[in-house]
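S.K.: Dropping the structure in here first, questions after.
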Amino acid sequence: MPGLFSTAGRSLSFAGRLLLRVFLIVQSLVVVYPLFWNVLASFKTNEEVMESPWTLPASLNWDNYVRAFTTARMGDYMLNSVFVVIISMLFLLIMAVPTAYVLGRMAFRGRGFITNVYMAGLFIGGVYIIVPLFILMNNLNMLDNRFWLSAVYATGSLPFSVYLLIGFMKSIPHDFEEAAMIDGCGYFATLFRIIMPMTRPALVTLIVFSFFDFWNEYVLALTLITDDAKKTIPIGLANLMQIQQYATDWGSLFAGLVIVLVPTIVIYTLLQKRLTDGMMLGGVKG
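Residue numbers (the UniProt record's numbering): 1 to 286.
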């Protein structure tokens with residue numbers, strides 16, 4: 001009888017693993033197939049998209065990408081997004097890393113209250129305060145400026161960034177700081193030479209999440225930027241969809257979608273392992 005139960009248990013375990021693999025394969029196909037179809041459609045002519053959407057393109061029509069970059073100005077929108085993302089990331093790291101270091105590793109009166117204020121910011125989305133934010137930036141002449149848009153992005157992501165980094169910094173033994181102080185390092189030297197290298201997984205996780213957030217943000221960019229020459233790529237893609245809806249240039253529309261997807265796929269592919277390690281490490285340490 002024990003052998004019978006053992007055999008039944010192994011059979012159930014094998015069946016469970018098999019069902020899990022089938023489920024994961026089906027889920028992967030559901031996610032990957034639309035992306036694959038989008039790439040194929042970006043090389044098709046308008047006739048092929050409408051008449052044979054499920055077949056392979058007869059030839060690779062790179063003209064679709066040329067029109068997306070020139071006629072639809074996707075290249076200009078992409079440069080604007082790159083500028084906004086880089087400046088936003090710099091703002092965010094400059095504000096979040098020292099803040100998390102102070103709140104996570106230093107004891108002082110009012111630390112708990114300040115930490116709770118940052119945690120409360122997790123529940124305030126930029127969309128909820130967009131009207132007073134627009135009025136404030138309009139009064140300060142900050143509208144239509146990519147620099148100030150970057151500042152808004154960084155400020156909106158600050159609570160989550162501080163929350164993420166505090167968990168990592170609290171787990172670092174204080175012996176490292178004491179050794180650094182003995183060697184003559186001040187607070188800033190300790191932060192940059194000791195703490196930041198040890199929180200590299202958290203910083204990579206923060207950079208990847210922030211990149212996705214800044215790159216794909218639509219509502220704030222639509223509201224705070226009105227000059228067409230300064231708009232980011234989500235706004236440019238929305239404009240392209242509206243234009244191609246009447247021009248029926250489906251090839252360049254799908255090419256524009258691919259252009260938007262490529263940077264996010266590349267970033268995730270390059271940093272996937274470090275991102276996963278950072279999330280798992282943060283889960284264990286938190």
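Each residue gets a CB set at the ideal place from its N, CA and C atoms; glycine is no exception.
Would you kindly check if the distance between the Cβ of A41 and the Cβ of V49 is under 8 Å?
M.R.: It is a contact, given that the beta carbons lie within the stated cut-off.
S.K.: Roughly how many angstroms separate the alpha carbons of Y218 and K231, rounded to a whole number?
M.R.: The straight-line gap from Cα to Cα measures roughly 10 Å.
S.K.: Grab the span of the alpha helix (DSSP H) containing P132 for me, first residue to last.
M.R.: Its alpha helix (DSSP H) spans residues 130-139.
S.K.: Find the nearest neighbour of P197 within the set N64, Y101, L122, Y163, judged by alpha-carbon distance.
M.R.: Closest by alpha carbon: Y101.
S.K.: Output yes or no for whether 8 Å exceeds the beta carbon distance between N64 and F36.
M.R.: No; because the gap between Cβ atoms is not below 8 Å, this pair is not in contact.
S.K.: Under 8 Å by Cβ, that's how I've got M95 and Y163 pegged, so tell me the actual separation to the nearest angstrom.
M.R.: Not quite, the Cβ-Cβ distance comes to about 13 Å (not below 8 Å), so this is no contact.
S.K.: If contacts are defined as beta-carbon pairs under 8 Å, then M89 and L224 qualify, I think. What distance do you get, rounded to the angstrom?
M.R.: Wrong, their Cβ atoms sit about 18 Å apart, outside the cutoff.
S.K.: How about T45: is its Cβ closer than 7 Å to a heavy atom in the ligand HEM?
M.R.: In the structure on display, the ligand HEM does not appear, and there are no ligands present to speak of.
S.K.: Give the C-beta separation of L166 and L103 to the nearest angstrom, bearing in mind that I take them to be a contact with Cβ-Cβ under 8 Å.
M.R.: One point to set straight first is that residue 166 is Ile, not Leu, in the sequence displayed. Going by Cβ atoms, the distance from I166 to L103 rounds to 6 Å, so yes, they are a contact pair.
S.K.: Using 8 Å as the threshold, is the C-beta distance between F214 and V85 below it?
M.R.: Contact: yes.
S.K.: Which residues in the same chain as G256 place their Cβ atom closer than 7 Å to its Cβ, once the five residues preceding and following it in sequence are excluded?
M.R.: The residues are A68, A72, M74, L237, L240.
S.K.: Can you tell me the Cβ-Cβ gap for N38 and V260, rounded? I've got them flagged as a contact below 8 Å.
M.R.: Between V260 and N38 the Cβ distance is about 10 Å, and since that is not below 8 Å, they are no contact.
S.K.: So what does DSSP say about D213, is it helix, strand or coil?
M.R.: Looking at D213 - three-state DSSP - the assignment turns out to be helix.
S.K.: What are the boundary residues of the alpha helix (DSSP H) that includes N145?
M.R.: Premise fails: N145 is in no alpha helix (DSSP H) and is neither H nor E.
S.K.: Just curious, the alpha helix (DSSP H) that N116 is in, first and last residue?
M.R.: Looking at the DSSP string, the run of the alpha helix (DSSP H) that includes N116 is 111-120.
S.K.: Does the Cβ-Cβ distance between A229 and D76 come in under 8 Å?
M.R.: It is a contact, given that the beta carbons lie within the stated cut-off.
S.K.: Assuming the contact rule is C-beta atoms closer than 8 Å, R146 and F83 should be a hit. Round their C-beta distance to whole Å, please.
M.R.: So it is a contact: roughly 6 Å between Cβ atoms.
S.K.: Express the C-alpha separation of N216 and P234 in angstroms, rounding to a whole number.
M.R.: Their Cα atoms are separated by approximately 6 Å.
S.K.: Which residues bound the alpha helix (DSSP H) around R73?
M.R.: Per DSSP, R73 belongs to no alpha helix (DSSP H) and is neither H nor E.
S.K.: Where T264 and T115 are concerned, what is the direct C-alpha to C-alpha distance, given to the nearest angstrom?
M.R.: Straight-line Cα distance between these residues: approximately 32 Å.
S.K.: Could you give the C-beta distance for L122 and F160, rounded to a whole number, given that I count them as a contact under 8 Å?
M.R.: Sure, about 6 Å apart at Cβ, within 8 Å.
S.K.: For E178 and L93, what's the separation of their Cα atoms in angstroms?
M.R.: About 25 Å.
S.K.: Do I195 and M169 have their C-beta atoms within less than 8 Å of each other?
M.R.: Yes.
S.K.: Under the rule that 16 or more other beta-carbon atoms within 10 Å means buried, what is N80, buried or exposed?
M.R.: Buried, since its Cβ has 16 or more Cβ neighbours within 10 Å.
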